Every structure is written in structure tokens, then in C-alpha cells.
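J.: Using my numbering, read the sequence shown as starting at 107 and increasing by one per residue. Each residue gets a CB set at the ideal place from its N, CA and C atoms; glycine is no exception. Everything numeric in this text was worked out from a predicted model, so none of it was measured. Before I ask anything, let me first share the structure, which is written out below as C-alpha cells.
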Amino acid sequence: MDHEKTGCQAPERPILCINNCGFFGSAATMNMCSKCHKDMILKEEQAKLAASSIDNIVNGSSTSNGNETIVATGVEVQNSVEPKTILVQPSCASGPGESVEAKPKEGPNRCSTCKKRVGLTGFKCRCGNLFCTSHRYSDKHDCPFDYRTAARDAIAKANPVVKADKLDKI
Numbered sequence: 107m108d109h110e111k112t113g114c115q116a117p118e119r120p121i122l123c124i125n126n127c128g129f130f131g132s133a134a135t136m137n138m139c140s141k142c143h144k145d146m147i148l149k150e151e152q153a154k155l156a157a158s159s160i161d162n163i164v165n166g167s168s169t170s171n172g173n174e175t176i177v178a179t180g181v182e183v184q185n186s187v188e189p190k191t192i193l194v195q196p197s198c199a200s201g202p203g204e205s206v207e208a209k210p211k212e213g214p215n216r217c218s219t220c221k222k223r224v225g226l227t228g229f230k231c232r233c234g235n236l237f238c239t240s241h242r243y244s245d246k247h248d249c250p251f252d253y254r255t256a257a258r259d260a261i262a263k264a265n266p267v268v269k270a271d272k273l274d275k276i
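Okay, structure coming up:
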């Protein structure tokens, strides 16, 4: 009864994804499951980006301030095709020492001693490691940092030696 009012018709039986991934597709996503449809849209956007980047490089009208990234993708729509990133450095780059590096995604924060998850409440030690509440003190995790020498250096830096000028004896 609802279908007659809205004009929508329910499919007679579920439609499997056309990429044979095992999930069900829908007509709104071209008979693909949501994940395959999202991957296809992403690949199309990357292909457009690659085409425009290549045109910019060929025509020489690129706005280069260092490095440019070009993403190459396959033409066929398959699940096994992985996009590949190619780093292109124009010969007219101003800084030879400049490089763009991607920061790897870090996993969850864990205590360096007991491997317990600490999240945002972890304590960063001067030795450079992260610890939970029970291992945060230097005597609990055998800290290699030399606190005594660091304190001596800080005091010596904060309190310079004051030396008066020598007076001539009469």
C-alpha cells in the first residue's frame, strides 16, 4: 500500500554486488555495495586528478612550489587495482634540500613497560617513552635518563659565576 503512494517498488529479491564481493547492491549505487561504489567514485576522482596534473605538467602551467604528487590508476574497475603515488620533482625547484614526507599513522598509545593502553592520559618521560600511571616514575621503569647531570647543568646555566674585576694594588 505504501509503494503505490510513493511510486517506489521494492525489489523482488536482493541483488548481489556486481563486483562479486558477497554483499548486496542497490540500483542507487549501480548494483554495487556501498564499499565498492565508494571505491569506484574514489578511483574516478583520482583519474580526473591525474589527468589534470599531467596536463598541467605537459603544458608547463603548473603552480609548483616544490614537489607535485600525481596519482596513477588503472582503467579497469577491479577490486585488485591499487592506486600508486608517484612523486615528481620539477627541475626548476627552488630548494634542493626540501622534501615532503607523509607522516605515518600511529597506533594507540601504549605504556612502554606493560603495553597497557593509555590513550590521552599517558605520561611522557624525559627518556622519550610513554608510560601508564603506575610506570610513570623513573624508578618504576628503569629510566636511562640522567636526572642528576641534567639538574646540575640547569643550575649552572641559571646561576652563572660572578667574578669581580681585579683591582690594582697601591
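(1) Nearest-angstrom Cα distance between Cys238 and Ser159?
(2) Around the C-beta of Met136, are 16 or more other C-beta atoms found within 10 angstroms, so that it is buried, or is it exposed?
(3) Mind checking Gly166: buried by the 16 CB within 10 Å criterion, or exposed?
(4) Is Ala178 helix, strand or coil by DSSP?
(5) If we count the other Cβ atoms within 10 Å of its Cβ and call it buried at 16 or more, is Cys217 buried or exposed?
(6) Looking only at its own chain, which residues have a Cβ that is under 6 Å from the Cβ of Phe229, when we skip the five neighbours before and after it?
(7) For a test of the three-state rule: what should DSSP assign to Leu273, helix, strand or coil?
(8) Whose CA, out of Ser240, Ala256, Lys275 and Leu226, lies closest to the CA of Cys220?
(9) What does the Cβ neighbour count give for Asn125, buried or exposed, with the cut at 16 atoms within 10 Å?
(10) Let me check understanding here. Comparing Cα to Cα, which of Ala256, Lys149, Asn235 and Arg258 lies closest to His247?
(11) Spatial neighbours of Leu122 within its chain, please: C-beta separation below 7 Å, excluding the five flanking residues on both sides.
(12) Mapping DSSP to helix, strand and coil, what is Arg242?
(13) Can you tell me whether Arg119 is helix, strand or coil according to DSSP?
(14) With a 10 Å radius around its C-beta and 16 neighbouring C-beta atoms as the bar for buried, classify Val268 as buried or exposed.
(15) Tell me whether Arg232 sits in a helix, a strand or coil according to DSSP, three-state version.
(16) Which first and last residues belong to the alpha helix (DSSP H) in which Arg254 is found?
T.: For this structure:
(1) Rounded to the nearest whole angstrom, the CA to CA distance from Cys238 to Ser159 is 47 Å.
(2) Its Cβ having fewer than 16 others within 10 Å, Met136 is exposed.
(3) The residue is exposed, with fewer than 16 neighbouring Cβ atoms inside 10 Å.
(4) A caution first: Ala178 carries a pLDDT of 46, below 50, which makes its placement in the model too unreliable to give a value.
(5) Note on Cys217: 16 or more other CB atoms within 10 angstroms of its CB, so buried under the neighbour-count rule.
(6) Taken in chain order, the residues that qualify are Phe237 and Arg242.
(7) It is coil, neither helix nor strand.
(8) Among Ser240, Ala256, Lys275 and Leu226, the Cα nearest to that of Cys220 belongs to Ser240.
(9) Looking at its Cβ environment, which holds 16 or more other Cβ atoms inside 10 Å, Asn125 is buried.
(10) Among Ala256, Lys149, Asn235 and Arg258, the Cα nearest to that of His247 belongs to Asn235.
(11) So the list reads Phe130 and Gly131, once near-sequence residues are dropped.
(12) Here Arg242 sits in coil by DSSP.
(13) Three-state result, Arg119: coil.
(14) It counts as exposed.
(15) In this structure, Arg232 counts as coil in the three-state DSSP scheme.
(16) Counting along the chain, the alpha helix (DSSP H) containing Arg254 begins and ends at Tyr253 to Ala264.
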